[in-house]
Ligand code: SDX
């Protein structure tokens, strides 16, 4: 296979190197294109542009493959804890028992919030969206840990920052939820593991601890693992781009939270449930909504469907669909929204519009069914996505910092505005 590409510009042939990855993905390296030709490339939405090389996660959109550091996500979801998965993504290998204990214990110590941070919640409107608070709180951690803001952090400083973020994201999420329902905060417990501690902070009352249900814990374990990383998605690319300016990890990941909030990205899981609720309220006619999604004059989209990379089933959606079905059966819950979701999927997957565009259910299509069954309100769904994605954001920030070739991200543009013109006053002065 060629290790060089040729491009002919104004009759002159230029050779550009071809980069080949370990999974035989190929890229034309255009790093020297502008210097040699004065031309740049233009790629709306970066659908054809690689921002970096990475060893963290591999996706094959055509085959519906997702692997974390080489391990198929199906096997990780079956055998690992979320903390083991976080360690694997951040450090590249599954942890030994000693490494896992050290990593996990670092969370236990860091789970609480500084008392002054708890005051932040007093000033935020009860009806405010939790993602706005999460982003603000994550960035504000930089004010409480100034020793972790080194623009060129050591391994130990990155390890300590990662522990703060992975541990505290749960606490911030739980406090945000408690504030939204007018309940007092429940502090983390040192004797509870990652997910049980989160559920405790979410749902215990001051005089009655939430009864930890292993079925619920396992469903959340699978969900958090499946959300843990997804290579250069919008929010992870945001984290890398902000970090490329040598902004600290807190600030970079706070920006990632904001990117994830968008309804086209992580915000879709809330939109899916709202769409299913509307279909249910309007009598459950799924075909009407499939037709609306196809209507070129309507900007309605089937939320939870389609993906920039997957042109086959999102492997995560398959696992989540089964997890939702199993959980509802074990909890003895019949949620009509799950029936509607399955009918909507069936109707869309046999419709030429969706088949032609290779639109399949993505990670957000069924996840809300599980969160809803656990008692997590839909406004918190994207916060749950952020808890899951925290290890991926940290792993990519760390990989970018450790890459000696990393540079500040500064894309070019093609200017299409007014050409040079002299100033003519418009208003009399
Ligand atoms: C996530 O990148 C990641 O990895 C993200 C993520 C992760 O783990 O980080 O996987 C998480 O963000 C999943 C996606 C969640 N978003 C949604 O479910 C929102 C609904 N989906 C879409 O808006 C859309 O599919 C995107 C945003 C996901 C992808 O958009 P693209 O790749 O830019 O595709 P496009 O908008 O150009 O659509 C191509 C065609 C268009 O039709 P035509 O102009 O060719 O006629 O497909 C149509 C679109 O109108 N289309 C849809 C559709 N998604 C695309 N039509 C109806 N319903 C949809 N959901």
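In this note's numbering, the protein residues as written are 2 to 430. Note that beta-carbon positions come from the ideal geometry of N, C-alpha and C, so glycine has one too. Just so it is clear, the structure is predicted and the values come from calculations on it, not from any experiment.
What separation, rounded to the nearest whole angstrom, lies between the Cα atoms of residue i and residue j?
{"i": "residue 282", "j": "residue 342", "result": "14 Å"}
{"i": "residue 46", "j": "residue 400", "result": "23 Å"}
{"i": "residue 255", "j": "residue 27", "result": "32 Å"}
{"i": "residue 215", "j": "residue 298", "result": "47 Å"}
{"i": "residue 370", "j": "residue 315", "result": "17 Å"}
{"i": "residue 300", "j": "residue 405", "result": "44 Å"}
{"i": "residue 62", "j": "residue 119", "result": "42 Å"}
{"i": "residue 153", "j": "residue 312", "result": "39 Å"}
{"i": "residue 102", "j": "residue 55", "result": "27 Å"}
{"i": "residue 340", "j": "residue 403", "result": "47 Å"}
{"i": "residue 366", "j": "residue 335", "result": "18 Å"}
{"i": "residue 50", "j": "residue 288", "result": "36 Å"}
{"i": "residue 163", "j": "residue 265", "result": "27 Å"}
{"i": "residue 99", "j": "residue 16", "result": "50 Å"}
{"i": "residue 236", "j": "residue 428", "result": "44 Å"}
{"i": "residue 19", "j": "residue 8", "result": "12 Å"}
{"i": "residue 185", "j": "residue 376", "result": "17 Å"}
{"i": "residue 258", "j": "residue 382", "result": "13 Å"}
{"i": "residue 97", "j": "residue 84", "result": "12 Å"}
{"i": "residue 30", "j": "residue 41", "result": "12 Å"}
{"i": "residue 60", "j": "residue 23", "result": "12 Å"}
{"i": "residue 157", "j": "residue 245", "result": "20 Å"}
{"i": "residue 201", "j": "residue 219", "result": "15 Å"}
{"i": "residue 518", "j": "residue 329", "result": "Because the chain spans 2 through 430 in this model, residue 518 falls outside it and cannot be assessed."}
Can you check which of these residues, the options, is closest to residue i by C-alpha distance?
{"i": "residue 81", "options": "324, 223 and 328", "result": "223"}
{"i": "residue 10", "options": "23, 38, 27 and 17", "result": "38"}
{"i": "residue 249", "options": "210, 144, 385 and 171", "result": "144"}
{"i": "residue 384", "options": "424, 75, 67 and 174", "result": "174"}
{"i": "residue 177", "options": "136, 210, 268 and 209", "result": "136"}
{"i": "residue 108", "options": "123, 87, 119 and 116", "result": "87"}
{"i": "residue 35", "options": "424, 415 and 420", "result": "415"}
{"i": "residue 228", "options": "5, 114 and 320", "result": "320"}
{"i": "residue 409", "options": "13, 53, 209 and 170", "result": "53"}
{"i": "residue 211", "options": "190, 230, 366 and 226", "result": "190"}
{"i": "residue 308", "options": "161, 147, 29 and 231", "result": "231"}
{"i": "residue 251", "options": "267, 141, 179 and 269", "result": "141"}
{"i": "residue 391", "options": "333, 261 and 284", "result": "261"}
{"i": "residue 204", "options": "187, 219, 194 and 193", "result": "187"}
{"i": "residue 263", "options": "241, 196 and 380", "result": "380"}
DSSP beta-bridge partners for residue i?
{"i": "residue 311", "result": "Looking at the DSSP assignment, residue 311 forms no beta bridge with any residue, so it has no partner."}
{"i": "residue 18", "result": "5"}
{"i": "residue 10", "result": "13"}
{"i": "residue 70", "result": "Beta-bridge pairing links residue 70 to no other residue."}
{"i": "residue 206", "result": "209"}
{"i": "residue 306", "result": "362"}
Return the first residue and the last residue of the beta strand (DSSP E) that residue i is part of.
{"i": "residue 28", "result": "27-29"}
Buried or exposed for residue i, going by 16 or more other Cβ atoms inside 10 Å?
{"i": "residue 165", "result": "buried"}
{"i": "residue 198", "result": "buried"}
{"i": "residue 273", "result": "buried"}
{"i": "residue 128", "result": "exposed"}
{"i": "residue 286", "result": "exposed"}
{"i": "residue 58", "result": "buried"}
{"i": "residue 363", "result": "buried"}
{"i": "residue 151", "result": "exposed"}
{"i": "residue 317", "result": "buried"}
{"i": "residue 183", "result": "exposed"}
{"i": "residue 354", "result": "exposed"}
{"i": "residue 90", "result": "buried"}
{"i": "residue 373", "result": "buried"}
{"i": "residue 208", "result": "exposed"}
{"i": "residue 346", "result": "buried"}
{"i": "residue 290", "result": "buried"}
{"i": "residue 65", "result": "buried"}
{"i": "residue 131", "result": "buried"}
{"i": "residue 206", "result": "exposed"}
{"i": "residue 21", "result": "exposed"}
Name the two residues that bound the continuous alpha helix (DSSP H) containing residue i.
{"i": "residue 61", "result": "Where residue 61 is concerned, there is no enclosing alpha helix (DSSP H), although the beta strand (DSSP E) it sits in stretches over 58-61."}
{"i": "residue 425", "result": "Looking at the DSSP string, residue 425 is not in any alpha helix (DSSP H), and its letter there is neither H nor E."}
{"i": "residue 165", "result": "156-181"}
{"i": "residue 116", "result": "116-124"}
{"i": "residue 192", "result": "Run containing residue 192: none; DSSP gives neither H nor E here."}
{"i": "residue 334", "result": "No alpha helix (DSSP H) contains residue 334, which DSSP labels as neither H nor E."}
{"i": "residue 357", "result": "353-357"}
{"i": "residue 259", "result": "250-262"}
{"i": "residue 44", "result": "From DSSP, residue 44 is part of no alpha helix (DSSP H); its letter is neither H nor E."}
{"i": "residue 240", "result": "235-244"}
{"i": "residue 86", "result": "83-92"}
{"i": "residue 131", "result": "131-145"}
{"i": "residue 413", "result": "Here residue 413 belongs to no alpha helix (DSSP H), and DSSP marks it neither H nor E."}
{"i": "residue 395", "result": "382-403"}
{"i": "residue 106", "result": "98-111"}
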